[in-house]
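Everything on this sheet refers to the single structure shown next.
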Amino acid sequence: MALDRKTVARVAHLARVRVEEDKLDQLSGELNGIIGWVEQLGEVDTDGVEPMTSVADLKLRLREDAVNDGDNPERVLQNGPSTELGFYVVPKVVE
Amino acid sequence: MSELLDLTLSEARDKLAAGAITSVELTEAYIAAMDATRALNAYITETPEKARDMAKASDARRAAGDAGAMEGLPIGMKDLFCTEGVLTTAASHILDGFTPTYESTVSGNLWNAGAVMLGKTNMDEFAMGSSNETSYYGPVQNPYMRADGTGKLVPGGSSGGSASAVASRSAIAATGTDTGGSIRQPAAFAGLVGMKPTYGRCSRWGVVAFASSLDQAGPMTRTVRDASIMLGAMAGFDPKDSTSAEMAVPDFEAALSGDIRGLRIGIPKEYRVDGMPAEIEALWRKGIDMMKDAGAEIVDVSLPHTKYALPAYYIVAPAEASSNLARYDGVRFGLRVEGKDLIEMYENTRAEGFGAEVQRRIMIGTYVLSAGYYDAYYRQAQKVRTRIAQDFKDAWQECDVLLTPTTPSAAFGIDEKSDPIAMYMNDVFTVPASLAGLPAISVPVGVDAQGLPLGLQLIGPAFDEAVVLRSADMLEKAAGFSAKPALMAV
Numbered sequence: 022m023a024l025d026r027k028t029v030a031r032v033a034h035l036a037r038v039r040v041e042e043d044k045l046d047q048l049s050g051e052l053n054g055i056i057g058w059v060e061q062l063g064e065v066d067t068d069g070v071e072p073m074t075s076v077a078d079l080k081l082r083l084r085e086d087a088v089n090d091g092d093n094p095e096r097v098l099q100n101g102p103s104t105e106l107g108f109y110v111v112p113k114v115v116e
Numbered sequence: 003m004s005e006l007l008d009l010t011l012s013e014a015r016d017k018l019a020a021g022a023i024t025s026v027e028l029t030e031a032y033i034a035a036m037d038a039t040r041a042l043n044a045y046i047t048e049t050p051e052k053a054r055d056m057a058k059a060s061d062a063r064r065a066a067g068d069a070g071a072m073e074g075l076p077i078g079m080k081d082l083f084c085t086e087g088v089l090t091t092a093a094s095h096i097l098d099g100f101t102p103t104y105e106s107t108v109s110g111n112l113w114n115a116g117a118v119m120l121g122k123t124n125m126d127e128f129a130m131g132s133s134n135e136t137s138y139y140g141p142v143q144n145p146y147m148r149a150d151g152t153g154k155l156v157p158g159g160s161s162g163g164s165a166s167a168v169a170s171r172s173a174i175a176a177t178g179t180d181t182g183g184s185i186r187q188p189a190a191f192a193g194l195v196g197m198k199p200t201y202g203r204c205s206r207w208g209v210v211a212f213a214s215s216l217d218q219a220g221p222m223t224r225t226v227r228d229a230s231i232m233l234g235a236m237a238g239f240d241p242k243d244s245t246s247a248e249m250a251v252p253d254f255e256a257a258l259s260g261d262i263r264g265l266r267i268g269i270p271k272e273y274r275v276d277g278m279p280a281e282i283e284a285l286w287r288k289g290i291d292m293m294k295d296a297g298a299e300i301v302d303v304s305l306p307h308t309k310y311a312l313p314a315y316y317i318v319a320p321a322e323a324s325s326n327l328a329r330y331d332g333v334r335f336g337l338r339v340e341g342k343d344l345i346e347m348y349e350n351t352r353a354e355g356f357g358a359e360v361q362r363r364i365m366i367g368t369y370v371l372s373a374g375y376y377d378a379y380y381r382q383a384q385k386v387r388t389r390i391a392q393d394f395k396d397a398w399q400e401c402d403v404l405l406t407p408t409t410p411s412a413a414f415g416i417d418e419k420s421d422p423i424a425m426y427m428n429d430v431f432t433v434p435a436s437l438a439g440l441p442a443i444s445v446p447v448g449v450d451a452q453g454l455p456l457g458l459q460l461i462g463p464a465f466d467e468a469v470v471l472r473s474a475d476m477l478e479k480a481a482g483f484s485a486k487p488a489l490m491a492v
């Protein structure tokens, strides 16, 4: 266990959430509390038990491989914070 | 106006059908009630003009002989359901200004059945919480107050705005969603009936996702009959949701036969948790006696893995949340906070857009799914989940429905619980049925020493909502819950 400052900073970056340096210790304490508490699951004998992948006894359906939506760029882009010429605009990615 | 607000959903339906009242009259009464109870903060967005238009259209449909199951009934819609042309926030800053261009299947089903939308109800941010205090739009107040008048109380969560609205009579009923107890716990705190149907019964399409293997929509109402009517209108197969059950929706109201003689009601001994308050224990005993008096057979059963349900939930749900919430990146909708490059823009947007509890859960989820920890945490939790589901399957060999408390306490005060794990403990009785995907309902049965509502929960086998509703109807009749909140529209 033990999510130290470094681990918390790494997880925050993986999750793409900026965490200020001075918040790392507090967050590390909170996350350790939760992780320490869920570790009791290790007590359960799960030998030969399949992990649950679907709670309902349902088979995923197949549908015809056909276009059933689309061709509506205005609707798709309507909520974009920054759009131009039918595209989303983001900061420069390639130098 | 008070007479209109006194009506339950089923009574209003019957009066509308008989021509004794119109939807316009009923809707106007509720719009005035929203006004009168605004201090509770039950709604994020009120839509009175839309409600008036929908009520007029409903009366016209009825005049033309074309009335649906929810015809003319004004309801609150939890702000987790996408509503076309109406701001949808999930109570998060990160969805600032998001106005969907489509309608969720469940809300669409309700409008097709004739329901009228009063507005979008407040909730915990992304449905993550048990007190409605994580909302970006501020906490919601429970219309019930302690007898000694001290402090404002939470309505529970995450569907706290819906609970507060229905209890304070600013909606005749409201939708909720339940991932680990988010319909049942607030229903218990606000003296209401709240039902989470079987996973797959209601479509998840267009509902802002939290934990996709657990999320289910359901009704929050004043009576069990109201819940059966509204659930019938919400449910149904939807090809747009890959986990939607391809099954016919039974007539749930017809299931309320008023007869549970010979029904086997299981009492799981593991729900007698350490430190359970005496009044919860007494309420449970009272419920057992009521069911026995109604002719049911009481059976002691065991669900051995109950104590592991909460920790398993707090791995599975954050893991799914961390994946589902990856879509909020400041590019396609909602809030954007600029940065020097794309990564920094993502990080700034998500740091400012998500509240503390949501950030915590995203990070827990990211951690338990990360390389080296996946097997120890996530995979183990999924195995424990299989065990929990098996416990219930074993129990159905001995009983038809389970009776338990809904919550370990009555409503608590705003700002009273600050420790995350203490907050998670609220869901100790509701999470197991969520992990197993089973239908479960909370029915108000009594009050605590301070006059606050307490509920009991009934859990049934998958896709047997009918047996849950039938027993809930009997429990409701026997309990004769009559408490009224201190704050409500009159």
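Residue numbers (the working numbering), protein chains in the order written: chain A, 22 to 116; chain B, 3 to 492. C-beta: ideal position from N, C-alpha, C; glycine also.
Own chain, CB closer than 7 Å to residue i, minus 5 neighbours either side, in chain order
| i | result |
| --- | --- |
| TYR2 (chain B) | As shown, chain B starts at 3 and ends at 492. That puts residue 2 (chain B) outside it, with no answer to give. |
| GLY1 (chain B) | One cannot answer for residue 1 (chain B) here, as it falls past the ends of chain B, which runs 3 to 492. |
| MET292 (chain B) | LEU477, ALA480, ALA481 |
| ARG246 (chain B) | Note that residue 246 (chain B) corresponds to Ser in the displayed sequence, not to Arg. The answer, listed in chain order, is GLY202, SER205, PHE239, ASP240. |
| ALA35 (chain B) | LEU7, ARG171, SER172, ALA491 |
Closer than 7 Å to chain B by CB, residue i
| i | result |
| --- | --- |
| GLY69 (chain A) | no |
| ASN100 (chain A) | yes |
| PRO72 (chain A) | yes |
| ALA17 (chain A) | Because chain A here runs from 22 to 116, residue 17 (chain A) falls outside it and cannot be looked at. |
| LEU81 (chain A) | yes |
| ALA23 (chain A) | no |
| ALA36 (chain A) | yes |
| PRO112 (chain A) | yes |
| GLN47 (chain A) | no |
| VAL65 (chain A) | yes |
Exposed unless 16 or more other CB atoms sit within 10 angstroms - verdict on residue i
| i | result |
| --- | --- |
| GLN187 (chain B) | buried |
| ASP421 (chain B) | exposed |
| ASP180 (chain B) | buried |
| GLY69 (chain A) | exposed |
| ALA397 (chain B) | buried |
| ASN2 (chain B) | In the structure displayed, chain B extends from 3 to 492; residue 2 (chain B) sits before or after that span and is not available. |
| PHE108 (chain A) | exposed |
| ARG227 (chain B) | buried |
| THR39 (chain B) | buried |
| VAL115 (chain A) | exposed |
| THR368 (chain B) | buried |
6 Å Cβ shell around residue i - same chain, five flanking residues per side excluded
| i | result |
| --- | --- |
| ASN53 (chain A) | LEU24 |
| SER103 (chain A) | VAL110 |
Where the beta strand (DSSP E) through residue i begins and ends
| i | result |
| --- | --- |
| SER444 (chain B) | 442–449 |
| GLY220 (chain B) | 218–223 |
| MET79 (chain B) | 76–80 |
| THR123 (chain B) | 118–123 |
Residues near residue i by beta carbon distance below 8 Å, same chain, minus five either side
| i | result |
| --- | --- |
| VAL26 (chain B) | ARG54, ALA57, LYS58, ASP61 |
| GLU349 (chain B) | GLY341 |
| GLY84 (chain B) | Inspection of the sequence shows that residue 84 (chain B) is occupied by Cys rather than by Gly. The answer, listed in chain order, is THR90, PRO102, TYR104, GLU105, SER106, SER109, GLY208, VAL209, VAL210. |
| ILE416 (chain B) | SER133, GLU135, PRO141, GLN143, GLY153, LYS154, LEU155, VAL156 |
Of the residues the options, the one placed nearest residue i, counting alpha carbons only
| i | options | result |
| --- | --- | --- |
| GLY2 (chain B) | B:ILE300, B:ASP393, B:ALA173 | Examination of residue 2 (chain B) is not possible in this model, given that chain B is present from 3 through 492 alone. |
| ALA14 (chain B) | B:GLY74, B:ILE33, B:ALA34 | B:GLY74 |
| ASP7 (chain B) | B:THR90, B:SER172, B:GLU48, B:THR39 | In the sequence on display, residue 7 (chain B) carries Leu and not Asp. Ranking the options by Cα distance to LEU7 (chain B), first place goes to B:SER172. |
| MET125 (chain B) | B:LEU112, B:VAL108, B:GLY159, B:TYR146 | B:GLY159 |
| ALA451 (chain B) | B:HIS307, B:LEU285, B:PRO157 | B:LEU285 |
| ALA92 (chain B) | B:GLY110, B:ALA378, B:ILE443, B:GLY336 | B:GLY336 |
| GLY297 (chain B) | B:ILE23, B:ARG263, B:ALA250 | B:ARG263 |
| ALA353 (chain B) | A:GLU41, A:ASN89, A:VAL76, A:PRO72 | A:GLU41 |
| VAL449 (chain B) | B:ARG389, B:GLU281, B:ALA31, B:TYR139 | B:GLU281 |
| PRO72 (chain A) | B:GLN392, B:GLY182, B:GLY163 | B:GLN392 |
| TYR32 (chain B) | B:GLU51, B:PRO241, B:SER205 | B:GLU51 |
| ILE423 (chain B) | A:ILE56, A:LEU45, A:VAL32, A:ARG37 | A:ILE56 |
| TYR375 (chain B) | A:VAL88, A:LEU83, A:GLU60 | A:GLU60 |
| ALA314 (chain B) | A:VAL65, A:LEU45, A:VAL32 | A:VAL65 |
| ALA413 (chain B) | B:ALA383, B:PRO455, B:ILE185 | B:PRO455 |
Start-to-end residues for the alpha helix (DSSP H) that takes in residue i
| i | result |
| --- | --- |
| ILE231 (chain B) | 226–236 |
| ALA38 (chain B) | 25–38 |
| GLN187 (chain B) | 186–191 |
| ILE366 (chain B) | 358–371 |
| VAL2 (chain B) | Since the displayed chain B opens at 3 and closes at 492, residue 2 (chain B) lies outside it and no answer follows. |
CB contact below 7 Å: residue i versus chain A
| i | result |
| --- | --- |
| SER215 (chain B) | yes |
| GLY252 (chain B) | With the sequence shown as reference, residue 252 (chain B) is identified as Pro, and Gly is not the correct amino acid for it. Cβ-Cβ to chain A under 7 Å: no for PRO252 (chain B). |
| PHE100 (chain B) | yes |
| GLN384 (chain B) | yes |
| TYR315 (chain B) | no |
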